[in-house]
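Everything on this sheet refers to the single structure shown next.
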Amino acid sequence: MRDAVHRRYVEAMVPLSTLSLALMPLLSTRGMVLMIAFWIIVLLARSILDPTPVQQDAWRWTAFLALPFLLMLPDIFRAPSLSIGWSFAERSASLLLFPVGFLLMGAPTSDRFREAMMDLFTLAALVLAGWSNGHLLVHGFPADTHAGENFSYAYRTAFSASTGLHPPYGSYFFLGAALFQLDRLIDMARRPWWRVAAITILFFAALLLASRMPLIAFATASAVVLFVRLPRLVALRWALGVFFSIAILAVVVPGVRERVAEVVASMKGHTVYPPLNSFNIRVPIATCSLELISDHWLLGIGQANVQPALDACYQRFEQPSLLDGSYGTHNQLFHWWLSFGLIGLVLYVVYFGTLLITAWQRRDAIQLGFTVLILLCCITENVLSRQWGVVLFACFNALFLSGYSNERKSPVDVKHR
226 MRDAVHRRYV EAMVPLSTLS LALMPLLSTR GMVLMIAFWI IVLLARSILD
276 PTPVQQDAWR WTAFLALPFL LMLPDIFRAP SLSIGWSFAE RSASLLLFPV
326 GFLLMGAPTS DRFREAMMDL FTLAALVLAG WSNGHLLVHG FPADTHAGEN
376 FSYAYRTAFS ASTGLHPPYG SYFFLGAALF QLDRLIDMAR RPWWRVAAIT
426 ILFFAALLLA SRMPLIAFAT ASAVVLFVRL PRLVALRWAL GVFFSIAILA
476 VVVPGVRERV AEVVASMKGH TVYPPLNSFN IRVPIATCSL ELISDHWLLG
526 IGQANVQPAL DACYQRFEQP SLLDGSYGTH NQLFHWWLSF GLIGLVLYVV
576 YFGTLLITAW QRRDAIQLGF TVLILLCCIT ENVLSRQWGV VLFACFNALF
626 LSGYSNERKS PVDVKHR
């Protein structure tokens, strides 16, 4: 009798703990770690109380999705100390934990459940947008910024101060949620006007952050979703509308206009010149990244050694702003290649190539669009090397993929199917 009560309690906790993962835009990095740990404990308890065989395909996909993290484990020994090496590897542990949870331990993966996850994530992103902008209205811009001189810098500084998030990662949350609602809207989901409003608010929240690549990635990912889900001519009209809207708003919205102007000014000027701005600062970053890759293309130098090597290279540019220890490769491909050598390059191509091909073969529009969104953002950020980015990617990537591979379904999941 007691075992039956425990079983029912744990079964009830499985969908609730899984849904709680969608609150990631509102959680601190430590809060997210605790939430994932609680989720894994609940799934482990359910597995002990009600063990179920796992399909071989689920084991293969779990091993594949965890490959980047598994590659980082032996790389720990190249760090100055094991504790330092582990501190780098653990940031990407979610690339293992989410596939284990969704594919091997039977977290809910039905169509209805993943729609609920996307909707709850959207609500969390809307709360984040409301909090950050409400905080700005109440407290104003930080004292050390001058909004009149550079609105984008002042706004992004205020956003980071109120949320603790690096602005590009806030854009990933906003635009990822907007992409989810675009797919739900095409799917003729209930409350369409609510979804239109959510897309509009989230898009403008991202515009205020003025991160260029996320906006380009969103436009491209939206086009992918539209072309998979709609007739070609209809999709083409809507896709062109999205691209033109972003182009027009880039001229109208102050922050985006300033950051686009930096690109134009940098293209007209010299390769590297003071003062650095948000665009031309990437020239020394790319220069040093490529030089180091050229010197260590076969074996790499290890994750823990990448930042010190880059900082040493930045010295010759005589730009103090580059030397605060935060300017990595700003490119996920470069980061894996410099960290792990040629195997990192091969892993990057095979990893994302397989995900894109699989989503295309299954005509899963949102999985394909989400992968394109993250892949394009990886061009200008180490998305999978920081907790905010890797948790977002690993969670929804495993959720979308497991709907095809995981044959172990909870009672809730079976009912929803």
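Residue numbers (the working numbering): 226 to 642.
Where a beta carbon is used, it is the ideal one built from N, C-alpha and C, also for glycine.
Values in this document were obtained by computation on a predicted structure and should not be read as measured data.
Given that a residue counts as buried once 16 or more other Cβ atoms are within 10 Å of its Cβ, and exposed if not, what is Val453?
Counting from 1 along the sequence shown, the entry for residue 453 is found at position 228. Flag for Val453 reads buried.
Hey, Val597 and Ala460 are a contact pair by Cβ (cut 8 Å); roughly how many whole angstroms apart?
In the sequence shown, residue 597 corresponds to position 372, counting from 1. In the sequence shown, residue 460 corresponds to position 235, counting from 1. Actually they are not in contact, since the Cβ atoms of Val597 and Ala460 sit about 15 Å apart, beyond 8 Å.
Report yes or no: do the segment 302-322 and the segment 600-620 share at least 3 C-beta pairs separated by less than 8 Å?
yes
I'd like the span of the alpha helix (DSSP H) that includes Cys603, first residue to last.
Sequence index remark: in the sequence shown, residue 603 carries index 378 (1-based). Taken as a continuous stretch (DSSP letters only), Cys603 belongs to no alpha helix (DSSP H), as it is neither H nor E.
In or out: Thr583 buried (at least 16 other Cβ within 10 Å) or exposed?
Counting from one through the sequence shown, the residue named residue 583 turns up at place 358. By the neighbour-count criterion, in which 16 or more other beta carbons inside 10 Å mark a residue as buried, Thr583 falls on the buried side.
So Leu581 packs on Leu593, CB below 8 Å; how close in whole Å?
To locate residue 581, count along the sequence shown from 1; it is residue 356. To locate residue 593, count along the sequence shown from 1; it is residue 368. Indeed they touch by this definition, with Cβ atoms about 7 Å apart.
Between Ile424 and the rest of its own chain, which residues show a CB-CB distance below 8 Å, the 5 nearest in sequence each way excluded?
Counted from its first residue, the sequence shown places residue 424 at position 199. Correct list, in chain order: Ala403, Gln406, Leu407 and Leu410.
Applying the 10 Å Cβ sphere with the 16-neighbour rule, what's the burial state of His364?
Position 139 of the sequence shown, counting from 1, holds the residue named residue 364. Its Cβ having fewer than 16 others within 10 Å, His364 is exposed.
For Val608, count the other beta carbons within 10 Å of its own beta carbon; 16 or more makes it buried, fewer makes it exposed. Which is it?
Looking up residue 608 in the sequence shown gives position 383. So Val608 ends up on the buried side.
Could you check the C-alpha separation between Phe289 and Ser610 for me, to the nearest Å?
Taking the first residue of the sequence shown as position 1, residue 289 is located at position 64. Taking the first residue of the sequence shown as position 1, residue 610 is located at position 385. Taking the straight line joining both Cα atoms gives about 18 Å.
Report the option in Pro250, Val478 and Leu548 whose CA atom is closest to the CA atom of Ile506.
Here residue 506 corresponds to residue number 281 of the sequence shown, with the count starting at 1. Checking every option, the nearest Cα to that of Ile506 belongs to Leu548.
With a cut-off of 8 Å on the beta carbons, I'd call Pro392 and Leu434 a contact; round off their distance for me.
For the purposes of this step, residue 392 is taken as residue 167 along the sequence shown, with counting starting at 1. For the purposes of this step, residue 434 is taken as residue 209 along the sequence shown, with counting starting at 1. With 8 Å as the limit, Pro392 and Leu434 qualify as a contact, their Cβ atoms being about 5 Å apart.
In angstroms with no decimal places, state the Cα-to-Cα distance between Met297 and Val258.
Here residue 297 is taken as the residue at index 72 of the sequence shown, counted from 1. Here residue 258 is taken as the residue at index 33 of the sequence shown, counted from 1. Their Cα atoms are separated by approximately 19 Å.
Do Gly310 and Ala529 have their C-beta atoms within less than 8 Å of each other?
In the sequence shown, residue 310 corresponds to position 85, counting from 1. In the sequence shown, residue 529 corresponds to position 304, counting from 1. Cβ distance < 8 Å, so Gly310 and Ala529 count as in contact.
Rounded separation between Ala442 and Arg232 - CA only
Position 217 of the sequence shown, counted from the start, is the residue given in the question as residue 442. Position 7 of the sequence shown, counted from the start, is the residue given in the question as residue 232. Ala442 and Arg232: Cα-Cα distance of roughly 44 Å.
Using the Cα positions of Ala314 and Gly550, report the straight-line distance between them to the nearest angstrom.
Counting from one through the sequence shown, the residue named residue 314 turns up at place 89. Counting from one through the sequence shown, the residue named residue 550 turns up at place 325. Each residue's Cα considered, the two are about 18 Å apart.
For the segment 372-427, list the alpha helix (DSSP H) runs that are entirely contained and at least 4 residues long, ordered along the chain.
376-388 and 392-411
Contact under 8 Å by Cβ, Phe398 with Ala350
If you number the sequence shown from 1, residue 398 lands on position 173. If you number the sequence shown from 1, residue 350 lands on position 125. In this structure, Ala350 lies closer than 8 Å to Phe398 by Cβ.
Considering only residues of the same chain and omitting the five flanking positions on each side of Val267, which have a CB-CB separation below 7 Å?
Within the sequence shown, numbered from 1, the residue matching residue 267 stands at position 42. Val235, Met238, Val239 and Ser242, listed in sequence order.
Opening and closing residue of the alpha helix (DSSP H) in which Trp474 lies:
Numbered from its first residue, the sequence shown carries residue 474 at position 249. Looking at the sequence shown, residue 474 is not Trp but Leu. Counting along the chain, the alpha helix (DSSP H) containing Leu474 begins and ends at Arg457 to Val477.
Proximity below 8 Å, CB of Pro509 to CB of Phe559:
Here residue 509 is taken as the residue at index 284 of the sequence shown, counted from 1. Here residue 559 is taken as the residue at index 334 of the sequence shown, counted from 1. For Pro509 and Phe559, no; Cβs fall outside 8 Å.
Range of the contiguous alpha helix (DSSP H) that encloses Ala368
Residue numbering aside, residue 368 sits at position 143 when the sequence shown is read from its first letter. No alpha helix (DSSP H) contains Ala368, which DSSP labels as neither H nor E.
Three-way DSSP call (helix, strand, coil) for Trp613 in this model
For the purposes of this step, residue 613 is taken as the residue at position 388 of the sequence shown. Here Trp613 sits in helix by DSSP.
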